[in-house]
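In the order they appear, the protein sequences are chains Y and Z.
Per the working numbering, the very first residue in the first sequence carries number 1; after that it's consecutive.
Per the working numbering, the very first residue in the second sequence carries number 383; after that it's consecutive.
C-beta atoms are modelled at their ideal positions from N, C-alpha and C, and glycine is treated no differently.
Since the structure is predicted, the reported quantities are computational estimates derived from the model, not experimental observations.
Everything below concerns the one structure shown next.
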Amino acid sequence: MFVHIFKYRLKCLLRDRANIFWTMMFPVILATFFYMALSNLGSSEAFKPINLAVVDNEHFRQDLQFKNVLEQVSSGDDRLFNLFIVPEERAKEMLEDNSVEGYIKADTSIDPPIALFVKKSGLNQSIVKSFIDDYLQTQSAVKAILSENPGKYAEILRDLSERKNYLKQVSGTKANPDNLPFFFYTLIAMSCFYGGFFGNREITDIQADISPLAARINAAPVHKMKTFLYSASAALLIHLAELFVLLIYLLLVLKVDFGPKTGYVFLTTMSGSVAGLSFGAFVSAVVKKSEGIKIGILVGTTMFCSFLSGMMNQNMKYIISQNVPVLSWINPVNLLTDAFYCLYYYDTYRRYYLNMAALLFFIVLFCSCTFILIRRRRYASL
Amino acid sequence: MQVFKLCMKIARKNMPLMMIYLVVFLVVSLVMTSSLAGEQKVEEPFTRVKSKMAFINEENSPLVEGLREELSKIAEFVELPDETEALQDALFFRKVTYILRVPEGFTGKFMSGEDVQLEKTIIPDSAGNVYIDLSIDKYLNAARLYIKNIGGITQESLVSRLQEDFSLSAPVKMQAPAGRQKDQSYARFFFNYMAYSLLSILILGITAIMLVFNDKGLRMRNACSPVNATSINVQFMLAGAVLTVAAWMIMVMCCLFFNLENALSINTVYFILNSFVFALCGSSLSFLIGNLAKSQDVASAVCNVVTLGFSFISGVFVPQEYLAELVLKIASFTPSYWFVRANNKIGEMTKFDLSSLMEVFSDMLVQVAFAVAFLGIALVAGKKRRYLE
Chain Y
1 MFVHIFKYRL KCLLRDRANI FWTMMFPVIL ATFFYMALSN LGSSEAFKPI
51 NLAVVDNEHF RQDLQFKNVL EQVSSGDDRL FNLFIVPEER AKEMLEDNSV
101 EGYIKADTSI DPPIALFVKK SGLNQSIVKS FIDDYLQTQS AVKAILSENP
151 GKYAEILRDL SERKNYLKQV SGTKANPDNL PFFFYTLIAM SCFYGGFFGN
201 REITDIQADI SPLAARINAA PVHKMKTFLY SASAALLIHL AELFVLLIYL
251 LLVLKVDFGP KTGYVFLTTM SGSVAGLSFG AFVSAVVKKS EGIKIGILVG
301 TTMFCSFLSG MMNQNMKYII SQNVPVLSWI NPVNLLTDAF YCLYYYDTYR
351 RYYLNMAALL FFIVLFCSCT FILIRRRRYA SL
Chain Z
383 MQVFKLCMKI ARKNMPLMMI YLVVFLVVSL VMTSSLAGEQ KVEEPFTRVK
433 SKMAFINEEN SPLVEGLREE LSKIAEFVEL PDETEALQDA LFFRKVTYIL
483 RVPEGFTGKF MSGEDVQLEK TIIPDSAGNV YIDLSIDKYL NAARLYIKNI
533 GGITQESLVS RLQEDFSLSA PVKMQAPAGR QKDQSYARFF FNYMAYSLLS
583 ILILGITAIM LVFNDKGLRM RNACSPVNAT SINVQFMLAG AVLTVAAWMI
633 MVMCCLFFNL ENALSINTVY FILNSFVFAL CGSSLSFLIG NLAKSQDVAS
683 AVCNVVTLGF SFISGVFVPQ EYLAELVLKI ASFTPSYWFV RANNKIGEMT
733 KFDLSSLMEV FSDMLVQVAF AVAFLGIALV AGKKRRYLE
């Protein structure tokens, strides 16, 4: 009996093209769009050498020290500036047409002797200002020391030239805090909950008061639970296969970094699929309204939960976890997203296991509620 | 006007679906307005950008306090609990971009001239961090200079000398851009976002009507009605036009309403004009989809893929300057790309001379060309389909 029901259910579901589109093709297409739109996003934060002009005047040419320092930080691969030494008129033009972020003008007749000209307040302009301040302030320190200890000139020069680096980079975990993969985690979580479409269909096709097909199936001499479980396992198989297609597409084609624990990612996705399916069944069993409304509720809830777990704006997830932590624990989509995040980012498994336990709780909750709602229904008339 | 009335009836029936997109548009707009309002930049006088950092102090000493004070000029300190997970989370979600840890015993070793280092945890290669690095190194290098060259200097006197030195600041002069008064970044955002919501509404509305009219039985019945074909077509087009203009007007109203304070400028006129051109283009694209789609399921799938796809790659959701070269090349085959490009130019416009206007108009012209192309393909496809039936 299992083989019979399973096989025909499989065929039946595979022919529902709209469903296959939304549960498999749509996430794959969305992943592609995410990839196209976001893959370059990291570079927006990255530091790029700042285009900076210096007015080529008498004061600048004579201030050898400043010139040297400036040239020093403008050479090499990790340079701060792309330096343009140009006449004042040209510098103004360059600033006007945005080919430099600002220009520096030295004038020893005024105090302080170096001024910066910019068009707006921004990070790059602030860095240039910091650099100039740094120079002026160090110079002031040197003067102060020399006024007390005039003999130290040579030593100070030596000390200045061997500027020390006082910072050591330590990373909290092995993974980079690169938040591009996170978008894909929310996407996988969303796809898992799109499995709700399958869950919904299983209920529609087994509850005699919803569809004529279900009425006929109920009349057959097979135990309802058996029919339900057999056909639900066909749905689960299809959904799992679809999610694996998505994961493999992400891994091999888009080369998304899942961190070192890829095996666990597959395991988590499988639990997510079960959760999504049971969620759909639960909604379908509870909401005794038309098909359209059920689908609306499914999509709406999934999207809202995805939104809260940071799909549209990553900060959302953080804001909620900081301010309303309860909400992140009762949002099953967030549990999944957070599980992926923990796998990628943390070295320990503690929070991952907590997430999975909470997800398991939801699966049990959805399944038992569905079970109570659909068992032993008898109809006097349909 | 039976045909027209029927069209309106179908549109009304599909109203809830279309409303979803309008509501999404409104919600996103509201969220954006509130989040943008917080970071609106004061243009003058020059203000330093502050990076967000966590300063974790394992010991308290005048030297470290001085460093903290110096850093406060360029950084905004965020209080975080000293727990690995909390720190890691804050870094991942960009609550802070820099975590600095002063290890215990730092001051003592530093004062006696030993080699010591502070620990930083950062987002690699991030621009804001260069800035903090510079400041920390400056402070400690200057401090080292004093310690090495003035024997027996105390921490207190060191810090006060450093404070004096660091009060020096280079003057920054703003070269004012020519006469730009109003901030157009909101308007730019709202109008760009229309490329998603307006297009969704148009495709949904127009395909819904066309799916009904393209039904074979219904079309044959209509063909034998005493209303002539021209009249049917004219009414049909009129309905499409009314729908397009109505959707466009509602969206424009929202855009203006949310951005009332900045709306009174010449830029707004061009924003509106550009969005109208885009609305025309959107309706002809919808006409094409309506001619090709065979069922509501197909139409809604196509609608989602087209609107989301266009929006992602042409700079609606992610600004064009952050997109890769190749992606933009691909996007230039969509009307949304030209719409967004024109909007960005309009937002930047400070003078309205012929050469800068020509650039905007040429982008609009490309959208018109798209509209004509879509319409042409739609007519051919529709004709072919009717022959095949």
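Per DSSP, which residues does residue i bridge with? Please list them.
i                : result
Gln385 (chain Y) : Residue 385 (chain Y) lies beyond the range of chain Y shown here (1 to 382); nothing can be said about it.
Ala106 (chain Y) : Y:Ile114
Ala53 (chain Y)  : Y:Phe84, Y:Tyr103
Leu41 (chain Y)  : BP columns for Leu41 (chain Y) are empty, so no partner.
Leu482 (chain Z) : Z:Phe437, Z:Lys502
Could you check the C-alpha separation between residue i and residue j for me, to the nearest Å?
i                : j                : result
Leu136 (chain Y) : Pro112 (chain Y) : 8 Å
Ile210 (chain Y) : Thr204 (chain Y) : 6 Å
Ser171 (chain Y) : Thr466 (chain Z) : 10 Å
Gly561 (chain Z) : Asn511 (chain Z) : Reliability fails at Gly561 (chain Z), whose pLDDT of 49 lies under 50, so the model's placement of it is uncertain and no value is given.
Val142 (chain Y) : Lys92 (chain Y)  : 33 Å
Phe639 (chain Z) : Lys395 (chain Z) : 27 Å
Cys12 (chain Y)  : Met25 (chain Y)  : 18 Å
Met812 (chain Z) : Ile728 (chain Z) : Given a span of 383 to 771 for chain Z in the structure shown, any question on residue 812 (chain Z) remains unanswerable.
Ala675 (chain Z) : Ala623 (chain Z) : 20 Å
Phe660 (chain Z) : Asp77 (chain Y)  : 44 Å
Lys174 (chain Y) : Ile504 (chain Z) : 13 Å
Gly490 (chain Z) : Val446 (chain Z) : 11 Å
Lys423 (chain Z) : Met94 (chain Y)  : Caution applies to Lys423 (chain Z), whose pLDDT of 49 falls short of 50 and renders its modelled position unreliable; the model cannot decide the point.
Gly420 (chain Z) : Leu308 (chain Y) : With a pLDDT of 49 at Gly420 (chain Z), under the threshold of 50, the predicted position of this residue should be treated as unreliable, and no value is reported.
Ser271 (chain Y) : Val265 (chain Y) : 10 Å
Thr262 (chain Y) : Ser549 (chain Z) : 53 Å
Asp257 (chain Y) : Met397 (chain Z) : 42 Å
Thr536 (chain Z) : Ala524 (chain Z) : 15 Å
Ser306 (chain Y) : Phe6 (chain Y)   : 32 Å
Phe362 (chain Y) : Ala275 (chain Y) : 7 Å
Glu291 (chain Y) : Ile759 (chain Z) : 35 Å
Lys48 (chain Y)  : Val333 (chain Y) : 37 Å
Since I believe residue j is in contact with residue i (beta carbons under 8 Å), could you give me their beta-carbon distance rounded to a whole number of angstroms?
i                : j                : result
Ala577 (chain Z) : Val722 (chain Z) : 6 Å
Arg635 (chain Z) : Ser579 (chain Z) : Reading off the sequence, residue 635 (chain Z) comes out as Met, not Arg. The pair is not a contact, with the Cβ atoms about 13 Å apart (cut-off 8 Å).
Asn355 (chain Y) : Ala339 (chain Y) : 4 Å
Ser231 (chain Y) : Arg9 (chain Y)   : 4 Å
Leu516 (chain Z) : Tyr528 (chain Z) : Not quite, the Cβ-Cβ distance comes to about 19 Å (not below 8 Å), so this is no contact.
Thr227 (chain Y) : Ala285 (chain Y) : Contact flag wrong, Cβ pair sits at about 15 Å.
Val54 (chain Y)  : Ile85 (chain Y)  : 5 Å
Leu180 (chain Y) : Leu38 (chain Y)  : 6 Å
His59 (chain Y)  : Thr108 (chain Y) : 5 Å
Beta strand (DSSP E) containing residue i: first to last residue?
i                : result
Met556 (chain Z) : 554 to 556
So the alpha helix (DSSP H) residue i belongs to, where does it begin and stop?
i                : result
Asn673 (chain Z) : 648 to 674
Leu237 (chain Y) : 224 to 248
Gly263 (chain Y) : 262 to 286
Lys174 (chain Y) : Element bounds for Lys174 (chain Y): n/a, residue is neither H nor E.
Glu546 (chain Z) : 537 to 548
Lys530 (chain Z) : 509 to 531
Thr302 (chain Y) : 291 to 308
Ser74 (chain Y)  : Note, Ser74 (chain Y): premise wrong, no alpha helix (DSSP H); not H, not E.
Trp630 (chain Z) : 611 to 640
Val3 (chain Y)   : 2 to 14
Gly691 (chain Z) : 678 to 695
Val594 (chain Z) : 567 to 595
Thr489 (chain Z) : 488 to 493
Lys48 (chain Y)  : From DSSP, Lys48 (chain Y) is part of no alpha helix (DSSP H); its letter is neither H nor E.
Met602 (chain Z) : 598 to 605
Arg350 (chain Y) : 350 to 374
Ala208 (chain Y) : Note, Ala208 (chain Y): premise wrong, no alpha helix (DSSP H); not H, not E.
Asn315 (chain Y) : 314 to 323
Asn334 (chain Y) : 332 to 345
Arg723 (chain Z) : 717 to 730
Asn200 (chain Y) : 196 to 204
Gly758 (chain Z) : 736 to 770
Q: Within the region 392 to 480 of chain Z, note down every full beta strand (DSSP E) run reaching 3 residues or more, in order along the chain.
A: Taken in chain order, the whole beta strand (DSSP E) runs of length 3 or more contained in the region 392 to 480 of chain Z are 433 to 439, 457 to 459.
Q.
What ranges does the beta strand (DSSP E) occupy inside the region 120 to 172 of chain Y, keeping only unbroken runs of at least 3 residues that lie completely in it?
A. Entirely contained in the region 120 to 172 of chain Y, the beta strand (DSSP E) runs reaching 3 residues are, in chain order, 167 to 169.
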